[in-house]
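This report refers to the structure that appears directly beneath it.
There are 4 protein chains.
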Amino acid sequence: MVGLDDRDATWTLAHIRKHIEQGLPLVPLFNIDVIEASRERGAVRLRAGEHVTRPGGSIAGPVQFALADVSTYALILADRQDRAAVTVDLTINFLRPALLLPLLAVATPLRAGRRLFTAEVRITEESSGRLISHATTTYALSLA
Amino acid sequence: MVGLDDRDATWTLAHIRKHIEQGLPLVPLFNIDVIEASRERGAVRLRAGEHVTRPGGSIAGPVQFALADVSTYALILADRQDRAAVTVDLTINFLRPALLLPLLAVATPLRAGRRLFTAEVRITEESSGRLISHATTTYALSLA
Amino acid sequence: MVGLDDRDATWTLAHIRKHIEQGLPLVPLFNIDVIEASRERGAVRLRAGEHVTRPGGSIAGPVQFALADVSTYALILADRQDRAAVTVDLTINFLRPALLLPLLAVATPLRAGRRLFTAEVRITEESSGRLISHATTTYALSLA
Amino acid sequence: MVGLDDRDATWTLAHIRKHIEQGLPLVPLFNIDVIEASRERGAVRLRAGEHVTRPGGSIAGPVQFALADVSTYALILADRQDRAAVTVDLTINFLRPALLLPLLAVATPLRAGRRLFTAEVRITEESSGRLISHATTTYALSLA
Numbered sequence: 006m007v008g009l010d011d012r013d014a015t016w017t018l019a020h021i022r023k024h025i026e027q028g029l030p031l032v033p034l035f036n037i038d039v040i041e042a043s044r045e046r047g048a049v050r051l052r053a054g055e056h057v058t059r060p061g062g063s064i065a066g067p068v069q070f071a072l073a074d075v076s077t078y079a080l081i082l083a084d085r086q087d088r089a090a091v092t093v094d095l096t097i098n099f100l101r102p103a104l105l106l107p108l109l110a111v112a113t114p115l116r117a118g119r120r121l122f123t124a125e126v127r128i129t130e131e132s133s134g135r136l137i138s139h140a141t142t143t144y145a146l147s148l149a
Numbered sequence: 006m007v008g009l010d011d012r013d014a015t016w017t018l019a020h021i022r023k024h025i026e027q028g029l030p031l032v033p034l035f036n037i038d039v040i041e042a043s044r045e046r047g048a049v050r051l052r053a054g055e056h057v058t059r060p061g062g063s064i065a066g067p068v069q070f071a072l073a074d075v076s077t078y079a080l081i082l083a084d085r086q087d088r089a090a091v092t093v094d095l096t097i098n099f100l101r102p103a104l105l106l107p108l109l110a111v112a113t114p115l116r117a118g119r120r121l122f123t124a125e126v127r128i129t130e131e132s133s134g135r136l137i138s139h140a141t142t143t144y145a146l147s148l149a
Numbered sequence: 006m007v008g009l010d011d012r013d014a015t016w017t018l019a020h021i022r023k024h025i026e027q028g029l030p031l032v033p034l035f036n037i038d039v040i041e042a043s044r045e046r047g048a049v050r051l052r053a054g055e056h057v058t059r060p061g062g063s064i065a066g067p068v069q070f071a072l073a074d075v076s077t078y079a080l081i082l083a084d085r086q087d088r089a090a091v092t093v094d095l096t097i098n099f100l101r102p103a104l105l106l107p108l109l110a111v112a113t114p115l116r117a118g119r120r121l122f123t124a125e126v127r128i129t130e131e132s133s134g135r136l137i138s139h140a141t142t143t144y145a146l147s148l149a
Numbered sequence: 006m007v008g009l010d011d012r013d014a015t016w017t018l019a020h021i022r023k024h025i026e027q028g029l030p031l032v033p034l035f036n037i038d039v040i041e042a043s044r045e046r047g048a049v050r051l052r053a054g055e056h057v058t059r060p061g062g063s064i065a066g067p068v069q070f071a072l073a074d075v076s077t078y079a080l081i082l083a084d085r086q087d088r089a090a091v092t093v094d095l096t097i098n099f100l101r102p103a104l105l106l107p108l109l110a111v112a113t114p115l116r117a118g119r120r121l122f123t124a125e126v127r128i129t130e131e132s133s134g135r136l137i138s139h140a141t142t143t144y145a146l147s148l149a
């Protein structure tokens, strides 16, 4: 049996970041950095990069979706070490155009259940704190 | 003043495809092809490519989000020629892992309003017709 | 142990209707009838009644939500006989004002899984077939 | 022309409450009280009452939907005095069973635009502060 301390010792931020970058090639491709992963918060930053814009020059919806999804996955990895957790659904509201990088996405738990994990994500412009988009998402856990 | 016939003549499938590929660099990056754009349907195909997988090897959520979003944008361009239409919100339900490419995403209108355009998208494995994910999305139109 | 045949014999449409009307007092209150419950479809009808309008006289959102939720519950009862199934989330798009009763809500499965059941619901005006609203919802099953 | 002060003077909390109770008969029926309406927050309380339970005895989903929808409408009435604002879509995540009344629903703006108003709603048990459900919703404004 693996205790909590052993578990936390293995799934450090560096380990979570490496697991995500290797499993999700679009994370390094879009220049997304996993910057925090704890039981309280998962956070990622989108730095300047290619490929990420939409007509008009702002950050494309699929890239913002990636920020919401990956920040939640980081949160779940830190809380549950469940690499096989999968997204059940995600709703994202695009509130304002994202014109200024970096963006910050912060996921916090709404309910951390045994089988399902529901989180809320706020995506902001890092420099101004301006809210760009809001998401809620539910993951199914595999270790239940 | 531009009449309906002129409009349709300009915004052909080839024109819409080119507009999307130039405005959304992640479309060619992910190997997404716009294959249909009419007032009834927008459709895109995801062919084999790099960058698109998630842990476990299936197609990542953000890539499926891109399929849903882009197929709807193609539908709106064909119906309204409104290049400045923007996604207000999108809800996606991931139903089954997408293991076999190509994927097909087909967007159909739920309501084509004056200011808002709401569509439904079904993403299937092309070979089997198996339903992979389902999305609903609302766009705000700029030409109202 | 209860076999499949026994199960189907017990959870008839009449039994499902009675279970829903007793467990959900807002169903008779709003004049909602469960009219179909099979593995393929759950359907309810909203007949004329008090309490159901919003400012302007059309059918209020919470009443439409009830139609979507109850038609899905009927579908799940017919397929799984799981009276403790609970709604995880529901997204509803209101497309057109509902001015003419009766309304019909039809739920069909998007994915009938072991732990989660995801359905799509279309709410129409019965007389015209006009689409009034669209919902997707996920239930968590208790018998998994 | 009506200035801001006149406007605020007319659409007091008492006026908003009366407008909602008369236009939405399910509000008094379910024993829902509008308790706050400002540009920053709309809030409603669900007190003990009939009709509001689901199988198992907790508060039914449609009632929670009503709390989310009505608290947002109160917020919009306070901010915009737009009685013809209509719900475009609403996503609700049911996190925990609501067993203990009263419930409190608080809506806050995510984006208060010219044509669209997007809000977030948290529904809690008033006594414990326990989070019961979370919703995001977009309204279309009529006065744009």
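Protein chains in written order, with our numbering: chain A, 6 to 149; chain B, 6 to 149; chain C, 6 to 149; chain D, 6 to 149. Cβ coordinates follow ideal geometry from the N, Cα and C atoms, glycine included. Note that this is a predicted model, so its numbers are computed, not measured.
is_contact[residue i, chain A] using C-beta, thresh 8 Å
| i | result |
| --- | --- |
| residue 120 of chain D | no |
| residue 105 of chain D | no |
| residue 143 of chain D | yes |
| residue 130 of chain B | no |
| residue 61 of chain B | yes |
| residue 58 of chain B | yes |
| residue 136 of chain D | yes |
| residue 79 of chain B | no |
| residue 88 of chain B | yes |
8 Å Cβ cutoff, residue i in contact with chain D
| i | result |
| --- | --- |
| residue 67 of chain C | yes |
| residue 152 of chain A | Given that chain A is displayed from residue 6 to residue 149, the structure contains no residue 152 of chain A and the question cannot be resolved. |
| residue 139 of chain A | yes |
| residue 96 of chain A | yes |
| residue 46 of chain A | no |
Beta carbon of residue i nearer than 8 Å to that of residue j
| i | j | result |
| --- | --- | --- |
| residue 115 of chain A | residue 139 of chain D | yes |
| residue 48 of chain C | residue 76 of chain C | yes |
| residue 68 of chain B | residue 51 of chain B | yes |
| residue 65 of chain A | residue 145 of chain A | no |
| residue 96 of chain A | residue 96 of chain C | yes |
| residue 84 of chain B | residue 110 of chain B | no |
| residue 74 of chain A | residue 142 of chain A | yes |
| residue 108 of chain B | residue 56 of chain A | no |
| residue 43 of chain C | residue 87 of chain C | no |
| residue 18 of chain B | residue 63 of chain B | no |
| residue 112 of chain B | residue 46 of chain B | yes |
Contact with chain B by residue i, beta-carbon distance below 8 Å
| i | result |
| --- | --- |
| residue 72 of chain C | no |
| residue 100 of chain C | yes |
| residue 93 of chain D | yes |
Chain C contact for residue i (CB, 8 Å cutoff)
| i | result |
| --- | --- |
| residue 125 of chain D | no |
| residue 55 of chain D | yes |
| residue 34 of chain D | yes |
| residue 147 of chain A | no |
| residue 11 of chain A | Below a pLDDT of 50, predicted positions are generally treated as unreliable, and residue 11 of chain A, at 49, falls in that range; the measurement from the model is reported next regardless. Not an interface residue. |
Residue i, buried or exposed, once every other Cβ within 10 Å from all chains shown has been counted against 16
| i | result |
| --- | --- |
| residue 61 of chain B | exposed |
| residue 127 of chain D | buried |
| residue 15 of chain D | exposed |
| residue 9 of chain C | Model confidence at residue 9 of chain C stands at a pLDDT of 47, short of 50, so the residue's coordinates are unreliable; what they give is reported in the following sentence. When all chains shown are included, residue 9 of chain C counts as exposed. |
| residue 132 of chain D | exposed |
| residue 7 of chain D | For residue 7 of chain D, the pLDDT reaches just 42, beneath the cut-off of 50, and the residue's location in the model is therefore unreliable, although a value from the coordinates is still provided. Counting Cβ neighbours within 10 Å, residue 7 of chain D comes out exposed, since fewer than 16 surround it. |
- Enumerated in chain order, which unbroken segments of the beta strand (DSSP E) with a length of 3 residues or greater are wholly contained in the segment 94 to 129 of chain B? 108 to 117
- Stretch pair the segment 90 to 102 of chain A + the segment 25 to 33 of chain A: three plus CB contacts closer than 8 Å: no
- Message: Can you pull out the residues from the segment 18 to 31 of chain B whose beta carbon lies closer than 9 Å to at least one beta carbon of chain E?
- Response: Looking for chain E here will not work: the only protein chains present are A, B, C and D.
- Would you list, in sequence order, the uninterrupted beta strand (DSSP E) runs of no fewer than 3 residues that lie entirely inside the segment 19 to 92 of chain D? Qualifying beta strand (DSSP E) stretches, in chain order: 37 to 42, 47 to 51.
- Between the segment 113 to 129 of chain C and the segment 12 to 23 of chain D, do at least 3 Cβ pairs fall closer than 8 Å? no
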